[in-house]
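Residue numbers (this note's numbering): 26 to 99.
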């Protein structure tokens, strides 16, 4: 069974490595439960018009998440 993370990565496969680095998708590193939850949440947003509020302390990757969310439907 394909994990949600794998499904998200498959959806984003059309993005070149350079664009991935530019837009922050490649910035997600790790296999922790938290990272998996974040990637899963991002994946669930694809195809929706839902507004998203991203909160967190400085340096926690909010911009990476915002860029990944913004690029889902491009």
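Virtual Cβ for every residue (Gly too), placed ideally from N, Cα, C.
What separation, rounded to the nearest whole angstrom, lies between the Cα atoms of residue 90 and residue 68? Position 65 of the chain shown, counting from 1, holds the residue named residue 90. Position 43 of the chain shown, counting from 1, holds the residue named residue 68. Between the alpha carbons of residue 90 and residue 68 lies a gap of roughly 11 Å.
Under the three-state reduction of DSSP, which class applies to residue 57: helix, strand or coil? One-based indexing of the chain shown puts residue 57 at position 32. In the three-state DSSP reduction, residue 57 falls in the coil class, being neither helix nor strand.
If you compare alpha carbons, which of 71, 97, 59 and 75 is closest to residue 86? Here residue 86 refers to the residue found at position 61 when the chain shown is read from its first residue. Looking from the CA of residue 86, the closest CA among 71, 97, 59 and 75 belongs to 59.
Could you have a look at residue 30 and say whether DSSP puts it in helix, strand or coil? Stepping through the chain shown from its first residue, residue 30 is reached at position 5. Of the three classes helix, strand and coil, the one that applies to residue 30 here is helix, per DSSP.
Opening and closing residue of the alpha helix (DSSP H) in which residue 93 lies: Translated into the one-based positions of the chain shown, residue 93 becomes position 68. First-last of the alpha helix (DSSP H) with residue 93: 87-95.
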